[in-house]
Amino acid sequence: MIQIFISGGPVMYVLLFLSLVSLTIVVERFMYFRKNRVNEDLLLSRLKSTMEKGHYEEALAICDAQPSPITNLMKVGISLRDQPVSVVRDMVMDTANQEIPKMEQYITTLGTISTIAPLLGLFGTVQGIIMAFNVLNQLAGVGDPAALAGGIGTALITTAAGIIVAVPATIFYNYLTNKVNHSIIRLENRVNELVLYLDKARRPQGGTQ
């Protein structure tokens, strides 16, 4: 296996580096989403129950105890509960726009690797074939078919390696992209739900003044 890797030439080392980068990104992203995973329904239920009693500081403490994109949005909304609805919505959406890049971090790099890995593999193959022809011409003037076939076979190693790197990178890129998109939709829904709740909770007080 090591000999096969070495026979692939310098491109194999580049592909190995890209595969390690891909693995690092995938592990880091899974750890990020696992760390920030929150039972949103339970969280909102606890927050509403707490805010109904007027314990807003306790609601903020609940958010602080579970740091995540959704709780960061909730903290902003709760902190600005006395502001007009439009202000609350704008500030919460601004916070959401700051959280989204954190969720998308490194995913673009993974997509780039999934695109360039096969191209690098193909480049290595073309380079290997050119070298095989040059060697055969230098040795015999007219290439030996058996030797030429062996040279091409060796050159194709980089194409196979490029595909091996690209396939899992593409799979995880699509998975993580979909996960981020779904998370963004959930954030938007939770923002609207929180803003509506705060507006509704404030109306009776306005009606008694």
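In terms of our numbering, the sequence shown opens at residue 37 and continues consecutively.
Even for Gly, the Cβ is constructed at its ideal location relative to N, Cα and C.
Keep in mind that this is a model prediction, so the values were computed, not measured.
Can we say the region 107-121 touches the region 151-167, given the rule of at least three CB pairs closer than 8 Å?
As far as the Cβ criterion goes, the region 107-121 does not touch the region 151-167, which means the pair count is below three.
On a Cα-Cα basis, can you pick out the residue from Ile40, Leu56 and Thr86 that is closest to tyrosine 233?
Numbered from its first residue, the sequence shown carries residue 233 at position 197. For tyrosine 233, the nearest C-alpha among the options comes from Thr86.
How should isoleucine 42 be labelled, buried or exposed, when 16 other C-beta atoms within 10 angstroms of its C-beta is the threshold for buried?
Start at 1 with the first residue of the sequence shown, and residue 42 comes out as number 6. Its Cβ having fewer than 16 others within 10 Å, isoleucine 42 is exposed.
For isoleucine 143 and tyrosine 68, believed in contact at Cβ under 8 Å, the rounded distance:
Position 32 of the sequence shown, counting from 1, holds the residue named residue 68. Position 107 of the sequence shown, counting from 1, holds the residue named residue 143. About 11 Å separates the beta carbons of tyrosine 68 and isoleucine 143, which is beyond the 8 Å limit, so they are not a contact pair.
Coarse secondary structure for lysine 84, derived from DSSP in three states
Within the sequence shown, residue 84 is the residue found at index 48, counting from 1. Here lysine 84 sits in helix by DSSP.
State the DSSP-derived secondary structure class of tyrosine 233, mapped to helix, strand or coil.
The sequence position of residue 233 within the sequence shown is 197, counting from 1. The DSSP-derived three-state label of tyrosine 233 is helix.
Applying the criterion that 16 or more other CB atoms from any shown protein chain within 10 Å of the CB defines a buried residue, is lysine 111 buried or exposed?
Translated into the one-based positions of the sequence shown, residue 111 becomes position 75. Here lysine 111 is buried: its Cβ has 16 or more other Cβ atoms, across all protein chains shown, within 10 Å.
Just how far apart, CA to CA, sit leucine 109 and glutamine 134?
On the sequence shown, position 73 is the one that residue 109 refers to. On the sequence shown, position 98 is the one that residue 134 refers to. Straight across, the Cα-Cα distance linking leucine 109 with glutamine 134 is about 10 Å.
Can you tell me where the alpha helix (DSSP H) with asparagine 72 in it begins and where it stops?
Residue numbering aside, residue 72 sits at position 36 when the sequence shown is read from its first letter. Asparagine 72: not part of any alpha helix (DSSP H); DSSP gives it neither H nor E.
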